[in-house]
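Going down the list, the protein sequences come from chains W and U.
Oh and the first sequence: position 11 is 21 in our numbering, straight run, nothing missing.
Oh and the second sequence: position 279 is 268 in our numbering, straight run, nothing missing.
Here a beta-carbon is modelled for each residue, glycine too, at the ideal position from N, C-alpha and C.
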Amino acid sequence: MMALLEVTNISHTFGGLQALADFNVTLNDGDLVGLIGPNGAGKTTVFNLISGVYRPDQGRIVFAGQDITLWPSYRRMAAGMSRTFQNIRLFKDMSVLDNVRLGAFAHYTYSFWQIVGRTASFHLQERRLTQEALAMLARFGLAGSAQAPARNLSYGEQRRLEIARALISRPKLLLLDEPAAGMNQAETLELVALLRDLHREFALTIMLIEHHMGVVLDLCQRVQVLDFGSTIFAGNPQEAQQHPQVLEAYLGKEENGEHGHAIAEP
Amino acid sequence: MSCPVAIALQYLLNALQLGSVYALIALGYSMVYGILTMINFAHGDIFMVGAYLAMWATLFLLGLPLNLPIIFIFLGSLLFTMTLTAALGVSIERLAYRPLRQAPKVSAVITALGVGLFLENFTLATIGPEPRQVPAIIPVQQYSWGGVAFTNVQLLILVVSLILMVLLDTLVRRTLTGMAMRAISYNRVIVPLMGVSVDRIISLTFAIGSAIAGAGGLLYGLAYPVLDPYMGIRIGWWAFIAAVVGGIGNIRGAVLGGYVLGTVEIFTPVLLASSTYRDSVAFSMLLILLIFKPTGLLGRPTVEKV
């Protein structure tokens, strides 16, 4: 079977700083993979390279059978990729509905002349898109705030809106950058259940950056652990918790060789 | 013409006619600023080129031995002018501004001034400095209603401007493309991650803004049928003030500002008995407004995050 995403030996430097070195990952259809590591390990850099915010210094990214290494972001998104952001990046003055509608931009193909002429196909597309967006908002429990500006939503709602916006384009691959950041215990549990449902419902392949180890353990089939830009572990999440190098990366080296049983849950 | 109300209405009608032209040009300044936070100082000269293109299109269509109906000549000229000014605007952005996208803002602004000078002097060199007369395609008919005189040309200008403004407002507010334009003005970095090609949206913005300025050029020629290569300077500046007065970056603000400036231009000579003070009134108004409401009439203040 052909992999959905195949990242081979990508590296990235900022000035003289090696942010990521020889990173590899392969995602097959339906995978749910966690990307973890201490702050500054290069996790978000991986997302920025996959989504085309940065160009890798070297290496290759193949998505759905096409080499996308040099593609601009908007082409990658149109090819079936979506992402969310560590710091919520909504269009805060635009309505909740418009935020979601914008996520589907690549799929709407009317031309300038169809807009000027206000043709039937243009109206049809706009109407269908609005309906789809409203359905998506309902799925995320945000239908009631559709017309409100995005800035009026609570923090947890804004996080959910980001995911709704990412899903409206019906992506094959979803990149989630710390979806549970800043959420309390109850919200986090709700999010885990939601993500599990979405994974099935939308037949998604998900790559997830997360600090809450609980979320990673609950959701992910595999994890990849980064430290200072290098992969120090790849395998199943339970093993990662016991792996000496992983523990060292999170907790520091201990003189007597004893460390906690698990990575602390924040 | 005796009743003072009728006289006031008469001037107001003239103000609406002139204000429509200012509004159409102001829209282009505002749209480009909204998306790139850059003042396209060549925009007034795009308007000038539009006026010349409209003149040629009209002359050409009138010269055809087909005896075309007036409405056809008008619409044909409008389409021709808007298409070519759109192409001009897109080319200017592509060749002059896009290479400077990552450069400091001031580089693009100075380049815009240079592009404006180029358009003026290119027109001067190829067409010559002597003013050109626009052919009157529409036989002027005067109507009178309650002591207020108006012409079919005035009505046409008002109606066509209004149609263009409503279309643009709908485009920006209601369509996905308009949404992408607004999104780019909020945050250009993440918009590509919504699957939007920023370059395409910027090209489209220049195309629409320039096409509307071209339409303004045609309508201006109908009302004030003398063209010269420097006409874009004064009118461009007034339209720019209109955009700032209304709240630059705001579509409805640009329209409002256009009509405010049209009113200032028509009423200043009436109230001060001299047209000499026209510019000083307009610029003083701008300065005073900027002191009390720096974001313009309809502009929203931006909150600086610390």
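DSSP bridge partner residues for residue i (one or two, in chain order)
| i | result |
| --- | --- |
| Y219 of chain U | According to DSSP, Y219 of chain U bridges with nothing at all. |
| P159 of chain W | W:S105 |
| H22 of chain W | W:L30 |
| I60 of chain W | Note: I60 of chain W sits in no beta bridge, so no partner. |
| G245 of chain W | W:V233 |
| A46 of chain U | In DSSP, A46 of chain U forms no bridge with anything. |
| R93 of chain W | W:L185 |
| R70 of chain W | W:T18 |
| L37 of chain W | W:L15 |
| D34 of chain U | None; D34 of chain U has no bridge partner. |
| W134 of chain U | U:V137 |
| D77 of chain W | W:V72 |
Inter-residue CB distance, residue i and residue j (contact presumed, cutoff 8 Å)
| i | j | result |
| --- | --- | --- |
| L67 of chain U | L207 of chain U | 6 Å |
| N38 of chain W | A74 of chain W | Not really, about 12 Å apart at Cβ, beyond 8 Å. |
| S83 of chain W | G62 of chain W | 4 Å |
| G242 of chain U | G285 of chain U | 6 Å |
| V106 of chain W | S179 of chain W | Actually they do not touch by this definition, with Cβ atoms about 17 Å apart. |
| A101 of chain U | F30 of chain U | 4 Å |
| A244 of chain W | Q234 of chain W | 5 Å |
| G33 of chain U | G225 of chain U | 2 Å |
| L157 of chain U | I240 of chain U | 6 Å |
| G238 of chain U | G105 of chain U | Contact doesn't hold; Cβ gap of about 21 Å is too wide. |
Contact set for residue i: own chain, Cβ-Cβ below 7 Å, skip 5 residues either direction
| i | result |
| --- | --- |
| N109 of chain W | L100, F101, A160, L171, R175 |
| Y209 of chain U | V10, A40 |
| L216 of chain U | A40, Y41, M44, P120, R121, V123, G210 |
| L371 of chain U | Here chain U covers residues -10 to 295 and nothing more, so residue 371 of chain U does not appear. |
| L57 of chain U | L50 |
| M146 of chain W | V110, A174, L177, I178 |
| H22 of chain W | A29, L30, T55, L59, Y64, P66, D67 |
For residue i, the first and last residue of its enclosing alpha helix (DSSP H)
| i | result |
| --- | --- |
| D188 of chain U | 187 to 212 |
| Y260 of chain W | 254 to 261 |
| D207 of chain W | 195 to 211 |
| A143 of chain W | 130 to 149 |
| M20 of chain U | -7 to 25 |
| I46 of chain W | Here I46 of chain W belongs to no alpha helix (DSSP H); instead the beta strand (DSSP E) covers 42 to 46. |
| R171 of chain U | 165 to 175 |
| V104 of chain U | 94 to 116 |
| L261 of chain U | 240 to 261 |
| M183 of chain U | M183 of chain U -> no alpha helix (DSSP H), and no H or E assigned at all. |
| I60 of chain U | 59 to 81 |
| Q168 of chain W | 165 to 177 |
| S83 of chain W | 83 to 88 |
Beta-carbon contacts of residue i that lie in its chain and below 6 Å, excluding the five residues immediately before and after
| i | result |
| --- | --- |
| T252 of chain U | A4 |
| A51 of chain W | L236, D237 |
| A231 of chain U | Y11, A15, G246, G247, L250 |
| V72 of chain W | E16 |
| I20 of chain W | F33, L59, P66, G69 |
| S96 of chain U | L89 |
| Q28 of chain W | G239 |
| T140 of chain U | V129, Q131 |
| P118 of chain U | none |
| I60 of chain U | none |
Sequence-distant residues of its chain with Cβ nearer than 8 Å to residue i (five each side left out)
| i | result |
| --- | --- |
| V137 of chain U | A(-5), L(-2), Q(-1), L2 |
| F95 of chain W | E172, D187 |
| M193 of chain W | Y165, G166, R169, L201 |
| C(-8) of chain U | G136 |
| T265 of chain U | none |
| V27 of chain U | One point to set straight first is that residue 27 of chain U is Met, not Val, in the sequence displayed. Counting only Cβ-Cβ distances below 8 Å, and skipping sequence neighbours, we find V21, Y86, K94, A97, V98, A101. |
| T54 of chain W | Q96, D187, I219 |
For residue i, the first and last residue of its enclosing beta strand (DSSP E)
| i | result |
| --- | --- |
| F272 of chain U | Premise fails: F272 of chain U lies in the alpha helix (DSSP H), 267 to 281, not in any beta strand (DSSP E). |
| L218 of chain W | 215 to 219 |
Any C-beta of chain B under 8 Å from that of residue i
| i | result |
| --- | --- |
| P82 of chain W | Here chain B cannot be found, since the structure's protein chains are W and U. |
**Asked** Do the segment 31 to 39 of chain U and the segment 61 to 76 of chain U meet, that is, are 3 or more Cβ pairs less than 8 Å apart?
**Response** yes
**Prompt:** Is the segment 245 to 263 of chain W touching the segment 177 to 188 of chain U in the sense that three or more CB pairs, one from each, lie closer than 8 Å?
**Reply:** no
**Message:** Can you confirm whether the segment 160 to 175 of chain U touches the segment 51 to 58 of chain U when touching is taken to mean that 3 or more C-beta pairs between the two stretches lie within less than 8 Å?
**Reply:** no
**Item:** Contact between the segment 146 to 156 of chain U and the segment 76 to 94 of chain W (3+ Cβ pairs under 8 Å)
**Value:** no
**Message:** Whether or not the segment 150 to 165 of chain U and the segment 6 to 21 of chain U are in contact is what I'm after, with contact meaning three or more pairs of Cβ atoms, one per stretch, closer than 8 Å; do they touch?
**Reply:** yes
**Asked** Pairing CB atoms from the segment 15 to 22 of chain U with CB atoms from the segment 266 to 277 of chain U, are three or more of them under 8 Å?
**Response** no
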